[in-house]
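There are 4 protein chains.
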Amino acid sequence: MASNSFGTHFRITTWGESHGLAVGCVLDGCPPGIPISDDEINQVLLQRAPGRAFVSERKEEDRVEILSGLFDGMTTGAPILLLIKNKDHDSSKYEAMKALYRPGHANFTYLQKYGVFDHRGGGRASARETAARVAAGAIAKKFLKALGIEIVGYIQAIGTVTATSIDFTHRDKSPIFCPDIAAEASMLDLITKVKELGDSVGGVVACQVAGVMAGLGDPMYDKIQARLAYAMLSLPAAKGFEIGEGYHAACMHGSEHNDGFIQKEGKTQAATNHAGGVLGGITTGEPIFFTVAFKPTSSIFKTQKTVDFEGNEVDFSLPAGSRHDPCVAIRAVPVVEAMCALVLMDAVLHNQTLMPCK
Amino acid sequence: MASNSFGTHFRITTWGESHGLAVGCVLDGCPPGIPISDDEINQVLLQRAPGRAFVSERKEEDRVEILSGLFDGMTTGAPILLLIKNKDHDSSKYEAMKALYRPGHANFTYLQKYGVFDHRGGGRASARETAARVAAGAIAKKFLKALGIEIVGYIQAIGTVTATSIDFTHRDKSPIFCPDIAAEASMLDLITKVKELGDSVGGVVACQVAGVMAGLGDPMYDKIQARLAYAMLSLPAAKGFEIGEGYHAACMHGSEHNDGFIQKEGKTQAATNHAGGVLGGITTGEPIFFTVAFKPTSSIFKTQKTVDFEGNEVDFSLPAGSRHDPCVAIRAVPVVEAMCALVLMDAVLHNQTLMPCK
Amino acid sequence: MASNSFGTHFRITTWGESHGLAVGCVLDGCPPGIPISDDEINQVLLQRAPGRAFVSERKEEDRVEILSGLFDGMTTGAPILLLIKNKDHDSSKYEAMKALYRPGHANFTYLQKYGVFDHRGGGRASARETAARVAAGAIAKKFLKALGIEIVGYIQAIGTVTATSIDFTHRDKSPIFCPDIAAEASMLDLITKVKELGDSVGGVVACQVAGVMAGLGDPMYDKIQARLAYAMLSLPAAKGFEIGEGYHAACMHGSEHNDGFIQKEGKTQAATNHAGGVLGGITTGEPIFFTVAFKPTSSIFKTQKTVDFEGNEVDFSLPAGSRHDPCVAIRAVPVVEAMCALVLMDAVLHNQTLMPCK
Amino acid sequence: MASNSFGTHFRITTWGESHGLAVGCVLDGCPPGIPISDDEINQVLLQRAPGRAFVSERKEEDRVEILSGLFDGMTTGAPILLLIKNKDHDSSKYEAMKALYRPGHANFTYLQKYGVFDHRGGGRASARETAARVAAGAIAKKFLKALGIEIVGYIQAIGTVTATSIDFTHRDKSPIFCPDIAAEASMLDLITKVKELGDSVGGVVACQVAGVMAGLGDPMYDKIQARLAYAMLSLPAAKGFEIGEGYHAACMHGSEHNDGFIQKEGKTQAATNHAGGVLGGITTGEPIFFTVAFKPTSSIFKTQKTVDFEGNEVDFSLPAGSRHDPCVAIRAVPVVEAMCALVLMDAVLHNQTLMPCK
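So the sequences go chain by chain: F, B, S and P.
Numbered continuously in the working numbering, the first sequence closes out at residue 358.
Numbered continuously in the working numbering, the second sequence closes out at residue 716.
Numbered continuously in the working numbering, the third sequence closes out at residue 1074.
Numbered continuously in the working numbering, the fourth sequence closes out at residue 1432.
Printed below as a string of structure tokens:
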């Protein structure tokens, strides 16, 4: 398919199946001279790892090994192979469902497209692939941080429960990346209830990028919001994307939505930020703000009607004891951050091609 | 910037400024043997042309000339140069605003990025660039139609007025592509009122694709919804994208959202279509459904506060007699269709690389 | 085919047929702030224009029009459309050969691949496409010159006559870009004789790049010599490429071929330059030296045996009065320079993505 | 650098350093349904493996592990991770040369470009990277073979000793892939003598592709010869490329070089094949024939003059007992075949995008 790559200058190509030997990626285009270690990446990987409270119980250690591209602890400009071994994979649970079309699941479409589907743990369609994105994103985040760019994702809503106050200190302690202590309690209740029902629920992840310089993104097809939308909708279960006021902008008047410019501390900047940090596809220097909507996890214990490969109607429910995320949006938070980092990293490197040469 | 191209196999590169000599694109990768004429493309271009009621008064004929790639009225496999001359461009109106930062407009960010901005008619940042997308999209639409694929975009909302019934017959007659005759009346009222105020309003465009085969789109980064989101957020003024239930999916339970499979007329298909025609990034064969949110036009006659290039506060309003779209979403409808056609065309050609070779 | 583009950062997409309305290209990725005019490009275009002594008699003015991407005479970072109208095209001569397979010509393979061939003037297969390369290359050359990089192509051999002394001053005056006044006389004799016979002859173009900085080119697939070879073999009639000692290197010992390093004027550099200015795919700072072999023009007046589309044997010769280049290598000289400039320009911009960010 | 990938549709990204943990590649874009095993690939890898007579003594097993992309022994369309562990790497020999510029070697240019060089075994600059190319090429070769395409590389010359008769049966038994039993004896003598001198010698590899269909390759920048030249000049030590008559074509007349067409067995084909199987960049259906010139190995035991990183003159020779290939062209034969397979595979898949859709 040659479509397992993301990015142009800072480019990852991910590979691996959920129940194969390993998942990982090659990162090509990383500038030389960046200090990187397995440990740093593993710290970031921990955030999306299954096994945390309220998410899937898969006991995966998710430890990355760096097989290439480093010398004396620094990047050399050569491609970096990141490998995460799969340890805890019991494929037996998947035998029962290997010959039926799972509702809301990709096995139907993979079979239509490729004529073959690796049913063990969802194969390539598993969200486990996102571990490789997070590992590569950790390197991008480190690079961006040195430029003063900070990316913070958080849970904005789970089902109809919405965070209304934003406290990043709380977000960092929250088991569900929620920045609103009051909303968090209701969210946890909701998740518990949904889990008891053997059901799942959707959610919205928000992401804010502070410290971003003006001038990132290209004005035509590689508008920064277009690249972000592309990145976010490439995530499993993502169904929507907004930048700035998003859909609310459709209800606004130009006189309300336009951000006027002011002079502040000797610098021209926007007085408000309805735009979400972008104008004409290029960053303004104000914080970037966007959200991503996630559907409820398709794998549920509740019984659903479907058909098998012969077309016979069958009742299907996830076998008891299967791994199961009641709300996939939670674990998506670090993945949203990682994809955002990959987009920005690419834009930063891309901008360097515009500079006068020496 | 090398980012004025869209598509991989069926690839356009657009060029041209609003008040330059012409705008247009090169279309590379068009299969040979497709009959195409200027007239056909011009029919489609008419739909986005300014000068229609309720949109900008620019009297542009928007007539395409095909400079290459045809032989005996058929495509040859060679690149097709589509050229649309600019005739009606009076740049004098733009003199007054060439040294101040226009609220909600891209001149601030272009200057930050490139150090230069062609202020005449908005230069490259003008929505006029989308004429080239529509011209190329017309060729894709023709190709797709031969495969039975029909793309229909329409106005779903203007401001807070939403279409609630969908009648495509009415949509085709509507001056604002609205499929709901009752909502249309309220929308027209709203636009008239907003126009009188010298203001603008946002809107939502929906798009439905019928007759699409299963198997389009790639499961990882080139999920069909990711490519669509990328295409849509690359449109001027676009602020949001949803596929299927979109943000509403975040409020649903898995047991509600999952589309079960049924056997119908000897074929397995989804019983419902909450997914909007995609699973795991690949089309299911059900209609694709997505929406795009557009902000209100940033160019308004109302006075706004901003600063000039020296940082002095100034009151700014669009000079009387300037061209002005009170709701940019309306003219976006054929552009949304065109971008959707480019995405699907690419996916169709891409799928051919998966086939067993002869 | 989506393969009419060359370059990654500084990227051209050419279009147009020999007897169509125009040929040209879009140049995307040109940095902003470069002063460019039609006149400058036309000066360079003159060098490859037909109508010069000893080459094809086509009376084509080859005047470029810049339709986009400039503001106040400077590049803006937006795509640049270069258009060269076709004026002198009498397609009647081509009627006689439209239904037979021309020896050494591409109509056979185009028909095999696309099922259609625009026989008028060779259509897309005509060397006229290279005018667009030269026009874009003129911009790259200007940019590179500002960095101190000078690209000089010349005729090294025509048939078996080889230039043995290199005098660039003479090269600039030579009607055939020959740097050796003695060899030039023999070459002109040879061309005259071949022309009288209605035949053609091959040749070798050499190219030397002085003033190039160390560090251009990437060590794996985008070795500078690999990009140059790709560029050169994409030229019509090119059959071979050498860098440095080229095929002669195969006969050398390592102890002869290796260039030792010395310290000179406080700088480490190679003592000799057998390598032709590259090591491990990356420029050393020594002059780049490469050659390109061109086959004899396939269009000749001599009678040749071939078959028509029905498979009947026919005698074929170019109709009297047809345009005809007795040695295509001569006009290839400025095209080789242009392609070299495009390769180096891309490498220069690419290197900027490796720099530490600010 | 984001330039460690080769191919568009069938795309490899290689990674790994000579003395790192492993080398390998991700292969993306492989069609589903191709049966592949580790063993098959290992058979092909054996051909380039060090440890064969007359090549480097490195005792590397070169056994590939397939970490992803297979299901039930068949490709699934998902990316295939090929991993080859490095076992025999003693980096101590390289300590002595880590602070001087090795003549003919890439450490000078890597340091100029990246500011860092992994000197252990040559790091990323080592020819060991080509093992990953051969492994991926084995999959392409299998696919192509099913289409009837056979790629055979061989030694055409070592130093000034040239194979004059071509016997592929002998080539398959020859320790140096030489198709001429008489020339082989002289070649082996030459290699032995060069080795005794602690020196090295260059060579020429030829490659013939039989059974190739007409229509492969694109007429402009992706001419099949341009892609082949790009692939071949990306090989370590490659200095020249020819297709068909190559440089000899420069000495020919059009009336000699043009291949007339004839009708044979109901099919139009070329009567001769001076062109080497391509016209206008597209395959004719005749065998493709090309050669690649390789310089003598830069690592030699003979003493050479160079400077250290401080600019002091030093005498340098490879430490006794170092691994050393007296003629790098020999081991290049399977790598040339692999790169040729990757080019053709890409062209075959690419052609499918031209077909009328169903």
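Beta carbons: idealized from backbone N, C-alpha and C, even for Gly.
Check	Outcome
Residue burial classification, S:PHE884 (beta-carbon count within 10 angstroms, cutoff 16)	exposed
Distance CB(S:ASP915)-CB(S:ILE1016) smaller than 8 Å	yes
Interface partners of S:GLY793 on chain F, CB under 8 Å	LEU354
Min CB distance B:PRO461 to chain P below 8 Å	no
For F:ILE12: DSSP bridge partner residues	F:PHE6 and F:LEU27
Spatial distance of F:PRO219 from F:MET213 (CA atoms)	16 Å
Start-to-end residues for the alpha helix (DSSP H) that takes in S:GLY883	Before going on, a small fix: residue 883 of chain S reads as Asp here, not Gly. Where S:ASP883 is concerned, there is no enclosing alpha helix (DSSP H), given that its DSSP letter is neither H nor E.
Cβ-Cβ distance between F:PHE316 and F:THR303 below 8 Å	yes
Span of the alpha helix (DSSP H), counted from its first residue to its last, around S:ILE1084	Given a span of 717 to 1074 for chain S in the structure shown, any question on residue 1084 of chain S remains unanswerable.
Classification of F:GLY77 by the beta-carbon crowding that lies within 10 angstroms, buried from 16 upward	buried
Simplified DSSP assignment, three categories, for F:TYR114	helix
Cutoff 6 Å; reference B:ASP680; Cβ partners in own chain excluding five residues on either side	In the sequence under discussion, the amino acid at residue 680 of chain B is Ser, which differs from the Asp named in the question. Hits under 6 Å: LYS451.
Nearest neighbour of F:GLY211, chosen from F:GLY254, F:THR192, F:LYS145 and F:GLN112 [CA to CA]	F:LYS145
S:GLY740 Cβ short of 7 Å to the ligand HEM heavy atom set	Questions concerning the ligand HEM fall outside what the structure shown contains, since it holds no ligand whatsoever.
Classification of S:ASN1028 by the beta-carbon crowding that lies within 10 angstroms, buried from 16 upward	exposed
Simplified DSSP state of P:PRO1393, which is helix, strand or coil	coil
Same chain, Cβ closer than 7 Å to F:ASP362, five either side skipped, listed in chain order	The requested residue 362 of chain F does not occur in the structure, where chain F is confined to residues 1 to 358.
P:THR1149 - DSSP class collapsed to helix/strand/coil	strand
Runs of beta strand (DSSP E) lying entirely within the region 1315 to 1381 of chain P, each at least 3 residues, in chain order	1335 to 1338, 1341 to 1344, 1362 to 1368 and 1378 to 1381
Sequence-distant residues of the same chain with beta carbon closer than 8 Å to S:LYS858, five excluded per side	ILE750, ILE752 and GLU756
For S:LYS889, the nearest candidate out of S:ALA856, S:GLN763 and S:LEU949 (CA to CA)	S:GLN763
DSSP state of F:LEU235 mapped onto helix, strand, coil	coil
Inter-stretch contact (C-beta, 8 Å, three-pair minimum) for the region 1344 to 1355 of chain P and the region 1167 to 1186 of chain P	no
Proximity to B:TYR579 [Cα-Cα], best of F:MET232, F:VAL64 and F:GLY285	F:MET232
Sufficient close CB pairs (3 or more, under 8 Å) joining the region 422 to 430 of chain B to the region 504 to 519 of chain B	no
F:GLY121 burial status per 10 Å Cβ neighbour count (16 or more: buried)	buried
As assigned by DSSP and simplified to three states, the class of B:ILE539	helix
Reduced DSSP secondary structure (H/G/I, E/B, other) of B:LEU403	helix
Rounded Cβ spacing between F:ILE149 and F:LEU344 (contact assumed at less than 8 Å)	6 Å
Where F:CYS207 sits in the DSSP three-state scheme	strand
At least three beta-carbon pairs within less than 8 Å, the region 1320 to 1337 of chain P to the region 965 to 976 of chain S	no
Among B:PRO684, B:TYR472, B:ALA705 and B:GLY561, nearest to B:ALA651 - alpha-carbon criterion	B:GLY561
Distance between S:GLY956 and P:GLU1258 (C-alpha atoms, nearest Å)	26 Å
Residue interval of the alpha helix (DSSP H) (run including P:ILE1232)	Counting along the chain, P:ILE1232 falls outside any alpha helix (DSSP H), though it belongs to the beta strand (DSSP E) covering 1224 to 1232.
Counted within 10 angstroms of its Cβ, other Cβ atoms place B:GLU554 as buried (16 or more) or exposed	exposed
CB contact below 8 Å: P:HIS1322 versus chain B	no
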